[in-house]
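In full-length UniProt numbering, the protein residues as written are 1 to 154. Backbone N, C-alpha and C fix where the C-beta goes; we use that ideal spot for every residue, glycine too. Quick caveat: nothing in here was measured; it's all calculated off a predicted structure. These notes concern the structure reproduced below.
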């Protein structure tokens with residue numbers, strides 16, 4: 001398994017560290033990630049976390065933009081200014097910094113959520129709210145498009 005799947009909530013210890021879930025650490029090891037890159041998610045109060053391939057993906061997209069236009073500058077600010085490297089210790093813990101707390105609202109616990117090629121870190125209650133909103137949007141979409149029978153034409 002080389003995908004980040006499922007979710008877990010872990011408590012932050014007295015030194016401000018949180019353990020990355022074991023199944024996420026297995027994926028990190030299989031992918032050979034020495035450093036982790038974290039980015040403040042654009043549309044929600046979460047951090048997107050992955051290896052350098054996550055940063056590479058953003059930088060490749062920036063390279064497609066005209067460097068003299070604001071879009072390239074904004075994108076650079078987003079992925080470089082709103083990003084940071086995380087170090088995981090030998091026990092699989094990372095330090096929860098003020099940079100992380102400011103955007104996410106994380107205080108005593110961290111919810112880890114698999115997103116396939118990366119994972120997210122959330123404040124648990126905000127994740128519950130977000131999850132309910134996502135499910136409601138998907139249900140509405142399904143109900144709106146799921147009323148036609150196979151072969152029917154609008």
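Residue 27 and residue 122 have their C-alpha atoms roughly 19 Å apart.
In the DSSP annotation of this structure, the continuous segment of the beta strand (DSSP E) that includes residue 94 starts and ends at 93-95.
In the DSSP assignment, residue 27 falls within the unbroken alpha helix (DSSP H) covering 22-31. For residue 114, the uninterrupted beta strand (DSSP E) segment begins and ends at 109-114.
The alpha-carbon separation between residue 116 and residue 88 amounts to approximately 20 Å.
Bounds of the alpha helix (DSSP H) holding residue 98 are 98-104. A straight-line Cα-Cα distance of about 16 Å links residue 14 and residue 92. Assignment of beta strand (DSSP E) within the segment 51-86, counting only whole runs of 3 or more residues, yields 83-86 in chain order.
Secondary structure note for residue 127: its alpha helix (DSSP H) is the uninterrupted segment 124-145. DSSP places residue 17 within a strand segment (E or B) once states are collapsed to three. With respect to the C-alpha of residue 39, the residue from 51, 132, 16 having the closest C-alpha is 51. Around the beta carbon of residue 104, a 10 Å sphere encloses 16 or more other beta carbons of the protein chains shown; the residue is thus reported as buried. The alpha-carbon of residue 124 is positioned some 24 Å away from that of residue 54. If you ignore the 5 residues before and after residue 19, its C-beta comes within less than 6 Å of the C-beta of 10, 92, 93, all in its own chain and listed in chain order. For the set 120, 126, 127, the Cα lying nearest the Cα of residue 49 is the one of 120. With respect to the 8 Å criterion, residue 85 and residue 37 are classified as neighbours on the basis of their beta carbons.
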